[in-house]
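**Student:** Residues in the sequence shown are numbered from 941 upward in steps of one, following my numbering. Even for Gly, the Cβ is constructed at its ideal location relative to N, Cα and C.
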Amino acid sequence: MNRVAAIVEKEKCHPTKCGRECMKYDPLNRKQPDSGFHLGPDGKSCIAEEVVTEMHRISANKCPFSAIKIVKLPEKLDESHLTHKYGQNAFELFGLPLIKKGEIVGIIGRNGIGKSTAISLLSNTIKPNLGKYNAPGTEEEIYKRYAKTTYADYFKQLYSNKLKVAYKPQRIEQLPLLHKGKVIELLQSIDKSEKVEHLLHELDATQLKQRTLSELSGGELQKVAIIATLLKKADMYYFDEPSSFLDIMARIKMAKLVRTLKESGAAVMVVEHDLATLDYISDEIQIVYGEPAAYGVFSQSKGVRRGINEYLDGYLPEDNVRFRTYPIVFHKPPPKVGDGKRIVYAFPEVEKKYESFHLKVHAGQLKAGEVLTVMGANGLGKTTFLKLLAGVEKPDKGNLESVKISYKEQYPKAQNIKVIDYLQEKAGSNFSSGWYKQNVLEKLNLHGFLDHSMRELSGGELQKVFIAGALSTDAPVVALDEPSAFIDVEDRLKVAEVIKEFTEKKGTATIVVDHDVQFMDYIADAMLVFEGSPGKEGHVHGPCSKEEGMNRVLKMLNITYRKDKQTGRAQINKPDSQLDREQKKEGRYYYS
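The following block contains the structure:
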């Protein structure tokens, strides 16, 4: 029989701002007060886990903040499989990812499903409590639990400091709080060999040496964090979302460097949402499924192609588990209804000069109902180009006519207002329309946190709110800078669909800067390719067709793409494989 659990997301629970509907409508409380949902010692809603039943969906669904979930755990899962639990009515993790020496294991799963928790457990950042959150398990209990598995020896070596671990965390924005000196001082404190200079060169980060961490952008911080991890001499390497903030060029270079760790026989684990990067970097795949913020389960290890395809399908044959009701298929978008030829905005040749950087852009046009995608390395002026169009920056050459542009910045900051107030301000009367509710709010799954303050949202939730905000105005031009950042695979496709459909139905001209190939492949009608010398000079090829632009980008990277016949997703060919050599010989780096 399936166990029914109640999950209360404490950060979303605000008993002083609601009518305590979860308690008011609780069927147990009607018979005996406080026998069901009640206020716990922390002032938040809670319920004894042994009394939770399906009936509690009624009271949980009344929560105005969507802070409570009633979930069914898979039948085969019981406390003997429980690895870690954060507290009463809190997230539960079942199982751990496989560790294999000399191999790279890629981990894929939704946000909030336990991927980072698993890495924290295996890197000794936190210890598995085996479900006993009030009295955490001792090391001996951990050894006993995993006695018949490879984890027993792993944890014994880990806790006795015989196993060296290197860990690249997800939250790289916290690094400047931990180190106040210059980049080179941090890296040389880890390894004083010439390897420091080599890795800085390989990731195009040499110019960062004399800067402090607080001066770095997200992409620059990510590079430093990756280099610092690669410099450590370890038996086990963990990389949590290493491609975040990196451009497509840096992602491939990072993947190649991480793959060199295998040569020493080390075990490597990588958590990643970019499927192309995950495919390229991994030897095996482990899927984490479950219910975000409620529970997560690690599946059996699988081959890369099979693992990613099963994840996209939403069904694990070996486990006989369907964890998603729909498959993720990268279908080719249907033909346009209109011709998309009406010119919304034409920009002349423009230049912008800074003390150490010069950007030059050819004249181009933005057309109604079309998405113009922008790709290229960071530091070539992509964001500067958007700021010029939006009027945030003024060009030194070329006159840009004033046009209303709805602009989502690369790193937008959360405001101290409710999500619903922010979107109503942006959308005006459109907010109450059926089209807006169905095609923006529902497809982006925003209903669950409309009453939350923007400052309470996760990175992925906040990103979707800002995308919705940019699409909510009546501006003829929409500019989105890295809309896929922080968003998991499922939501990336939904975001792409929303952007594509909004652009076509509303007849706007949309510009998108991003580095996820699948994402850009789905939404692009035309492309601008930024080239040059990062941080020094940038110039633009295009506008051109998506095929021409992608071929140009991939040729610079010296990699080729094919399309998976089963799912339609773009895949990087293994270097020097037969298909890789054939496509390069034909000059066909991108599939047609």
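Whole beta strand (DSSP E) runs in the segment 1157 to 1243 with 3 or more residues, listed along the chain?
**Tutor:** Correct list: 1176 to 1180, 1207 to 1211, 1224 to 1231 and 1235 to 1238.
**Student:** How is the alpha helix (DSSP H) around V1493 delimited, first residue to last?
**Tutor:** Locating residue 1493 in the sequence shown gives position 553, counting from the first residue. V1493 -> alpha helix (DSSP H) spans K1486 to L1497.
**Student:** Could you tell me the boundaries of the alpha helix (DSSP H) in which A1367 lies?
**Tutor:** Taking the sequence shown and counting its residues from 1, the one referred to as residue 1367 is at position 427. Per DSSP, A1367 belongs to the alpha helix (DSSP H) from V1359 to A1367.
**Student:** Can you name, in chain order, every residue of its own chain whose Cβ lies under 6 Å from the Cβ of D1279, other than the five neighbours on each side?
**Tutor:** Translated into positions along the sequence shown, residue 1279 becomes position 339. Because the pLDDT of D1279 is 49, which lies under 50, any placement of that residue in the model is unreliable, and the question is left without a value.
**Student:** Helix or strand or just coil, what does DSSP make of D1421?
**Tutor:** On the sequence shown, position 481 is the one that residue 1421 refers to. Here D1421 sits in strand by DSSP.
**Student:** Assign V1314 to one of two classes, buried (16 or more other C-beta atoms within 10 Å of its C-beta) or exposed (fewer than that).
**Tutor:** Taking the sequence shown and counting its residues from 1, one reaches residue 1314 at position 374. By the neighbour-count rule (16 or more Cβ atoms within 10 Å), V1314 is buried.
**Student:** Cβ of A1317 less than 8 Å from any chain D Cβ?
**Tutor:** Annotation note: the requested chain D is absent from the structure, which comprises a single protein chain.
**Student:** By DSSP, does S1473 sit in helix, in strand, or in coil?
**Tutor:** Position 533 of the sequence shown, counted from the first residue, corresponds to residue 1473. Note: S1473 maps to strand in three-state DSSP.
**Student:** Mind checking Y1107: buried by the 16 CB within 10 Å criterion, or exposed?
**Tutor:** For the purposes of this step, residue 1107 is taken as the residue at position 167 of the sequence shown. So Y1107 ends up on the buried side.
**Student:** Suppose the cutoff is 6 Å on Cβ atoms and the five residues either side in sequence are ignored; what does the same chain contact list for L1201 look like?
**Tutor:** Stepping through the sequence shown from its first residue, residue 1201 is reached at position 261. For L1201, where only same-chain residues beyond five positions count, the Cβ hits under 6 Å are Y1177 and V1208.
**Student:** Quick check: the segment 1134 to 1147 against the segment 1400 to 1408, are at least 3 beta-carbon pairs closer than 8 Å?
**Tutor:** The segment 1400 to 1408, when compared against the segment 1134 to 1147, does not touch it at the 8 Å Cβ threshold.
**Student:** So who's on the other strand from Y1026, going by DSSP bridges?
**Tutor:** Translated into positions along the sequence shown, residue 1026 becomes position 86. DSSP output for Y1026 lists no bridge partner at all.
**Student:** Distance check for T1217 and D1187, CA to CA, integer angstroms please.
**Tutor:** One-based indexing of the sequence shown puts residue 1187 at position 247. One-based indexing of the sequence shown puts residue 1217 at position 277. Approximately 11 Å between the Cα atoms of the pair.
**Student:** What residue range does the beta strand (DSSP E) around S1346 cover?
**Tutor:** Here residue 1346 refers to the residue found at position 406 of the sequence shown. Run containing S1346: I1345 to K1348, per the beta strand (DSSP E) assignment.
**Student:** How about the segment 1312 to 1331 and the segment 1466 to 1480: do they share at least three Cβ pairs that are nearer than 8 Å?
**Tutor:** Contact holds: three or more Cβ-Cβ distances are below 8 Å.
**Student:** For the alpha helix (DSSP H) containing R1085, list its first residue and its last residue.
**Tutor:** In the sequence shown, residue 1085 corresponds to position 145, counting from 1. Per DSSP, R1085 belongs to the alpha helix (DSSP H) from E1079 to R1085.
**Student:** Using 10 angstroms around the beta-carbon of E1032, count the other beta-carbons present and answer buried if the total reaches 16, otherwise exposed.
**Tutor:** The residue you call residue 1032 lines up with position 92 of the sequence shown. By the neighbour-count rule (16 or more Cβ atoms within 10 Å), E1032 is buried.
**Student:** Figure out for me which residue from K1041, K1002 and K1334 has the closest Cα to the Cα of G1205.
**Tutor:** The sequence position of residue 1205 within the sequence shown is 265, counting from 1. G1205 has its Cα closest to that of K1041, out of K1041, K1002 and K1334.
**Student:** Assign L1363 to one of two classes, buried (16 or more other C-beta atoms within 10 Å of its C-beta) or exposed (fewer than that).
**Tutor:** Stepping through the sequence shown from its first residue, residue 1363 is reached at position 423. Under this definition L1363 is a buried residue.
**Student:** Using DSSP bridges, identify the partner residues of H1298.
**Tutor:** Here residue 1298 refers to the residue found at position 358 of the sequence shown. DSSP output for H1298 lists K1293 and E1477 as bridge partner(s).
**Student:** Residues in the same chain with beta-carbon distance under 7 Å from E1401, minus the five sequence neighbours each way, listed in chain order, please.
**Tutor:** In the sequence shown, the residue the question calls residue 1401 occupies position 461. Contacts found: F1389.
**Student:** To the nearest angstrom, how far is the alpha carbon of N1339 from that of E1289?
**Tutor:** The count along the sequence shown starts at 1 and reaches residue 1339 at position 399. The count along the sequence shown starts at 1 and reaches residue 1289 at position 349. Answer to the nearest angstrom: the Cα atoms are 9 Å apart.
**Student:** Can you tell me where the alpha helix (DSSP H) holding A1000 begins and where it ends?
**Tutor:** For the purposes of this step, residue 1000 is taken as the residue at position 60 of the sequence shown. Element bounds for A1000: H996 to A1000.
**Student:** In terms of residues, what are the limits of the alpha helix (DSSP H) holding F1442?
**Tutor:** Residue 1442 sits at position 502 when you count from the first residue of the sequence shown. Here the alpha helix (DSSP H) through F1442 covers V1429 to K1446.
**Student:** Could you spell out where the alpha helix (DSSP H) holding K1135 opens and where it closes?
**Tutor:** Taking the sequence shown and counting its residues from 1, one reaches residue 1135 at position 195. K1135 to E1142 is the span of the alpha helix (DSSP H), which, as asked, contains K1135.
**Student:** Within the same chain, show all residues whose beta-carbon is closer than 7 Å to that of L1038, passing over the 5 residues directly before and after it, in chain order.
**Tutor:** Counting from 1 along the sequence shown, the entry for residue 1038 is found at position 98. Correct list, in chain order: V1045, Q1226 and S1241.
**Student:** Consult DSSP for Q1355 and reduce its assignment to one of helix, strand or coil.
**Tutor:** As a working note, residue 1355 is residue 415 in the sequence shown. Residue state, collapsed to three classes: coil.
**Student:** Whose C-beta lies closer than 6 Å to the C-beta of I1047 among residues of the same chain, with five residues either side of it excluded?
**Tutor:** Along the sequence shown, one-based indexing puts residue 1047 at 107. Once the five neighbours on either side are set aside, the close Cβ partners of I1047 are P1037, K1055, V1211 and Q1226.
**Student:** Pick helix, strand or coil for P1483, following the three-state DSSP scheme.
**Tutor:** As a first step, residue 1483 is located in the sequence shown; it is residue number 543 there, counting from the start. In this structure, P1483 counts as strand in the three-state DSSP scheme.
**Student:** Tell whether a beta-carbon distance below 8 Å holds between S975 and I1008.
**Tutor:** Position 35 of the sequence shown holds residue 975. Position 68 of the sequence shown holds residue 1008. Result no, Cβ atoms of S975 and I1008 do not sit closer than 8 Å.
**Student:** Please go through the same chain and pick out, in chain order, the residues whose beta-carbon is closer than 7 Å to the beta-carbon of T1413, but skip the five residues on each side of it.
**Tutor:** In the sequence shown, residue 1413 corresponds to position 473, counting from 1. Counting only Cβ-Cβ distances below 7 Å, and skipping sequence neighbours, we find S1346 and K1366.
**Student:** Based on DSSP bridge pairs, tell me the residues matched to L1468.
**Tutor:** Taking the sequence shown and counting its residues from 1, the one referred to as residue 1468 is at position 528. L1468 pairs with V1314.
**Student:** Among residues of its own chain, excluding the 5 on either side of T1169, which ones have a beta-carbon nearer than 6 Å to its beta-carbon?
**Tutor:** Taking the sequence shown and counting its residues from 1, the one referred to as residue 1169 is at position 229. Contacts found: A1106 and K1108.
**Student:** Taking only three categories from DSSP, how would you classify Y1094?
**Tutor:** In the sequence shown, the residue the question calls residue 1094 occupies position 154. Here Y1094 sits in helix by DSSP.
**Student:** Count the other C-beta atoms from every protein chain shown that fall within 10 angstroms of the C-beta of V1457, then say buried if there are 16 or more, exposed otherwise.
**Tutor:** Your numbering for residue 1457 matches position 517 in the sequence shown. Label assigned to V1457: buried.
**Student:** Return the CA-CA distance between I1463 and Q1523, expressed in angstroms with no decimal places.
**Tutor:** As a first step, residue 1463 must be located in the sequence shown, where it is residue number 523. As a first step, residue 1523 must be located in the sequence shown, where it is residue number 583. Cα-Cα distance, rounded: 24 Å.
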